[in-house]
Structures are given as structure tokens and as C-alpha cells.
Amino acid sequence: MSTDVDLGDDRYERHREAGEILTQVRAEAVDRIEVGGSHRELAEHVESRIRELGGEPAFPVNVCIDEEAAHATPSVDDDATFGEEMINVDIGVHVDGWIADSAVTIDLSGHDELIEASSAALDAAIETVGPGVDTGLIGDVIGRTIEGYGYNPVVNLTGHGLDQYEQHTAPTIPNRKVSQGVELSVGDVIAIEPFATDGRGKVSEGSDEEIFALDREGSVRDRSARQAMSQITEQFRTLPFATRWLDIDRPAMALRRLKRQDLIHGYPVLKERPGALVSQTEHTVIVTEDGCEVITG
Ligand code: MN
Ligand code: MN
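Numbering-wise (the numbering used here), the sequence shown opens with residue 3 and increments by one.
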């Protein structure tokens, strides 16, 4: 365990700034979710407010409905609206690359105990975090809390560490007990994200793909693919971006070309079985001498 970490360092201050912006825009998002509301307007509102408040989106706002658990974001001309559904909104903000990551689930479907299960699991996990604590224990606390509500944790989705311009780094924070965890240290910045479901407790890849990230820079002949590549390398770097963020005509076609050349990869929507519901609750925390500091609310 490192004892000479200064939690007043610049990088932690940037994380905290990102966390304050995120807390503000997450509250605004919750206020705007109602039956008939537009998915795309919600995502665009949140992303533009992040920029107005001095941050940048660390990834496209995820808007997942019912059995969708992660990686859904509105498409370029998306006209989907909210119904009486389970709506999970996952938001990332960075300041100079230092990221805060948080998600909230809103129930318009009459299943609010599912949200209580993921929220209670997150609270219990935050109570458990501290230096020297094994991540396997955190997973155990999350899994048992969700099962206590009669639901399943989604075991193939996990929390994670955060580093500059890197959204998913070590350590992994499991959503069930695992035997080979790692010990947390003072100064670790981690996102904890329990997912609760009335489904199988396992997600698989769907066919929709609206979020991408750069693998390597490379030259392309096609003009719009070249324009996309230059916007990606200048603006998004290695962070995930949405098709609708590209300032070019026919962005989907340009992205297909970049993908075919293995310059970018996509993030397919991750889903539970049809008919299941998934709730996710997530906060980002900094591990401190006596526990942790929640920076996203
Ligand atoms: Mn997240
Ligand atoms: Mn996360």
C-alpha cells in the first residue's frame, strides 16, 4: 500500500472537477426523463451541458432501455422516445483526461425494487472500500446484496479503474465474489457499478453499434473516412465516441470503412435476455486512508 500519495495533487483535483460536473448534469438528466421524452435530446442535452460547465464527455451518454445494459447511445437521426420502461443513463466526464463515471437508473415501468437492489449494492460496496480491501470482497458484498432482493447481479459486467484518457484500467471491480481479487491502495480511482436484473445475470452482444474507439492511426483513401480519422485523433483520442459526434456527411459509412481497416473498433450493445430488466447504479470513488471519497455525488 502506498502511503506517500497526495490526494490534493492536480490529477485528483481534475477528477473532482469532472465529478462535480457529472453530478450536476446527472441531476438534470433525471429531471428530463418522462414518458414521450426523446432519447437523442436527452443525450445531446447532457453532452452539451458537460461542455458548457468546462468538461468534455469521456464517452457518449449511454441510454439503455429495459434488457439493454450498456453501450446503447442514440444514432444520428434517432427518434426513439421513452415509454413505461426501465431507463439507465450512464455518463462520463473528463477534465484534461481525468475521468468521472456514474450511472443512474430511472423506472417508468413499476419495478422500482430492481433499482433499490443496485443502489443498495453500491452503497454497501462504498462502505466496504478502503486501502488493503480485496476487490473480491467488494464483489461478494455487491452480489449478496442484489441476491438479497431476489435478483441476479450481472456477473460479466464489472467496475474498473480510471486513468488519464483511459476509461477502463485495472483493477476490475467484480459484481460477485471472485477468488483472485487485488488489494486496493490509497489513491486508486475506481468506478463501482452494480447491475441488478430479473434475467439470467449475464449479458451478450446485440447487433446495434453506435459507439466506437480508435485502435491505431492510419491513412485511408476515402475522403470522409479521412476526415473522420482526423476528428477522432484530434478530439476523441483513445476515448469512445458516437457516430452522431462526427462532423461529416454519412458518418456511418466512414466508420464502416475505418472498421474494415482495423483502425477503430465498435462497442456492440450489451443485453440481457429479451423481456428482462436491468438496473445499473454507478459512482466513481478515490480510495483514502480511512475508506473512500465519492466524487460523483
Ligand atoms: Mn459508466
Ligand atoms: Mn464504468
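Glycine is no exception: its CB is placed at the ideal position from the N, C-alpha and C atoms.
Exercise for review: Please name the residue in Ile175, Val222, Glu115 whose C-alpha comes closest to that of Leu260.
Suggested key: Locating residue 260 in the sequence shown gives position 258, where the first residue counts as 1. Out of Ile175, Val222, Glu115, Val222 has the C-alpha closest to the C-alpha of Leu260.
Review point. Would you say the segment 272-284 touches the segment 53-69, given that touching needs at least three Cβ pairs under 8 angstroms?
Key: Touching, yes, given that three or more Cβ pairs across the two stretches are closer than 8 angstroms.
Check your understanding: Relative to the C-alpha of Glu15, which residue among Leu44, Gly39, His96, Asp6 is closest?
Key -> By one-based count along the sequence shown, residue 15 stands at place 13. Looking at the Cα atoms, His96 is the closest of the given residues.
Point to revise | Cβ-based neighbour list, Ala254, same chain, cut-off 6 angstroms, excluding 5 preceding and 5 following | key: Stepping through the sequence shown from its first residue, residue 254 is reached at position 252. Correct list, in chain order: Thr245.
**Study point:** Helix, strand or coil at Thr171 according to DSSP, with G and I counted as helix
**Key:** Reading the sequence shown from its first residue, position 169 is the one you call residue 171. Reduced to three states, the DSSP call for Thr171 is strand.
Exercise for review: Report the partner residues of Leu107 according to the DSSP bridge assignment.
Suggested key: For this step, residue 107 is matched to residue 105 along the sequence shown. In the sequence under discussion, the amino acid at residue 107 is Thr, which differs from the Leu named in the question. Its beta-bridge partners are Asn90.
Check your understanding: Where does Glu36 fall in DSSP's three states?
Key -> Against the sequence shown, residue 36 aligns to sequence position 34. Looking at Glu36 - three-state DSSP - the assignment turns out to be coil, as it is neither helix nor strand.
Check your understanding: For the 8 angstroms Cβ check, are there 3 or more pairs between the segment 15-29 and the segment 291-299?
Key -> The segment 15-29, when compared against the segment 291-299, does touch it at the 8 angstroms Cβ threshold.
Review point. Exposed or buried, what is Gln166 when buried is set at 16 or more other beta-carbons lying within 10 Å of its beta-carbon?
Key: Residue numbering aside, residue 166 sits at position 164 when the sequence shown is read from its first letter. Exposed, since its Cβ has fewer than 16 Cβ neighbours within 10 Å.
Review point. By DSSP, does Ala20 sit in helix, in strand, or in coil?
Key: In the sequence shown, the residue the question calls residue 20 occupies position 18. Correct three-state label for Ala20: helix.
Check your understanding: Smallest Cα separation from Ala102: which of Glu195, Ser209, Leu116, Glu129?
Key -> As a first step, residue 102 must be located in the sequence shown, where it is residue number 100. Comparing Cα-Cα distances from Ala102 to each of Glu195, Ser209, Leu116, Glu129, the minimum goes to Glu195.
Review point. Does DSSP classify Gly163 as helix, strand or coil?
Key: Counted from its first residue, the sequence shown places residue 163 at position 161. Strand at Gly163.
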